[in-house]
Amino acid sequence: MLCPLILVSPVQASAVTLNIIDQHQQPVANAVIEILNSAEIKGSPTNIAVIDQINKAFVPEQIIIQQGQAVDFPNSDNIRHHVYSFSEAKTFELKLYADKPEKEIVFEQPGVVVVGCNIHDSMIGYIYVAEHQFFTSSDLGVAHIAASAESSPQISIWHPYAANGAESRQTFEVNQLEKNATGEYIVEIELTPPPPRDSFEDTFGAIGHH
982 MLCPLILVSP VQASAVTLNI IDQHQQPVAN AVIEILNSAE IKGSPTNIAV
1032 IDQINKAFVP EQIIIQQGQA VDFPNSDNIR HHVYSFSEAK TFELKLYADK
1082 PEKEIVFEQP GVVVVGCNIH DSMIGYIYVA EHQFFTSSDL GVAHIAASAE
1132 SSPQISIWHP YAANGAESRQ TFEVNQLEKN ATGEYIVEIE LTPPPPRDSF
1182 EDTFGAIGHH
């Protein structure tokens, strides 16, 4: 499940519909789509996003936030966790704690942040930090963006299981995409199987971080 902090305009007659599929022509859920030629985010959001820790897992596993937004990492387990990331977009560490951490973490830079626990390698979470005002995610492979095809929207698409790495994003010009029989745009991305649940270090290794 994705965090509901997704600010997009309602689907309108002029909205563009995207069908996100993988290399096997299967629909891709939970891909994040951002309109790169929409306005950039101004100021810092005041609402705080939350990723909890329940049964030695990040809940939700994946969220979308805005640039400058803070995330709280409460620990609902009866054991302590040590949350950290060394992603390029944000490096941070919350050393061993129970209940509430000493502070929220502010994500000042756009990009993708892979989060892990230094004690439990099975814990992997993802934070997509959006730079622009219009972004959404695919529901069973379908996404609507609040833009007309005439505006030549440029989009980036991210998915945690992308073949070219968990922090990588792909860019597309919507008007250069193929359409299906109903006039919806088709976007194909290559995915790899989900990483084993004890593979946090391997996830970073696959994208060149050590």
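Going by my numbering, the first residue of the sequence shown is number 982, and it counts up by one from there.
Glycine is no exception: its CB is placed at the ideal position from the N, C-alpha and C atoms.
When DSSP states are grouped into helix, strand and coil, GLU1171 belongs to the coil group.
Between SER1119 and ILE1016, the gap from beta carbon to beta carbon reaches 8 Å or more. The shortest C-alpha to C-alpha distance from THR1173 to any of ILE1167, VAL1155, THR1163 and ALA1147 is the one to ALA1147.
Three or more Cβ pairs closer than 8 Å define a contact, and the segment 1026-1037 falls short of that threshold against the segment 1132-1146.
Annotated as proximal: LEU999 and GLU1165, with beta-carbon spacing under 8 Å. Shown here, GLN1004 sits in coil according to DSSP, grouped into three states, outside any helix or strand. Annotated three-state conformation of VAL997 is strand, per DSSP. DSSP, reduced to helix, strand and coil, places VAL1009 outside both helices and strands of the structure shown, so it counts as coil.
Segment contact: the segment 1006-1026 against the segment 1097-1117, three or more CB-CB distances shorter than 8 Å; contact assigned.
With a threshold of 16 other beta carbon atoms within 10 Å, ASP1003 meets it and is buried.
The beta carbon of VAL1094 sits closer than 6 Å to those of SER1066, SER1068, ALA1070, LYS1071 and ILE1108, all from its chain and outside the five residues before and after it, given in chain order.
ALA1051 is bridged by DSSP to ILE1029 and VAL1087. Annotation for GLU1074: the continuous beta strand (DSSP E) segment containing it runs 1072-1078. One thing to note: GLY1122 has its Cβ within 8 Å of the Cβ of ALA1010.
Take ASN1056, set aside five residues on each side of it, and the residues of its chain with a beta-carbon closer than 8 Å to its own are ASP1033, GLN1034, HIS1062, TYR1078, ALA1079, ASP1080, LYS1081 and PRO1082, in chain order.
In the displayed model, GLN1114 falls within coil according to three-state DSSP, outside both helix and strand.
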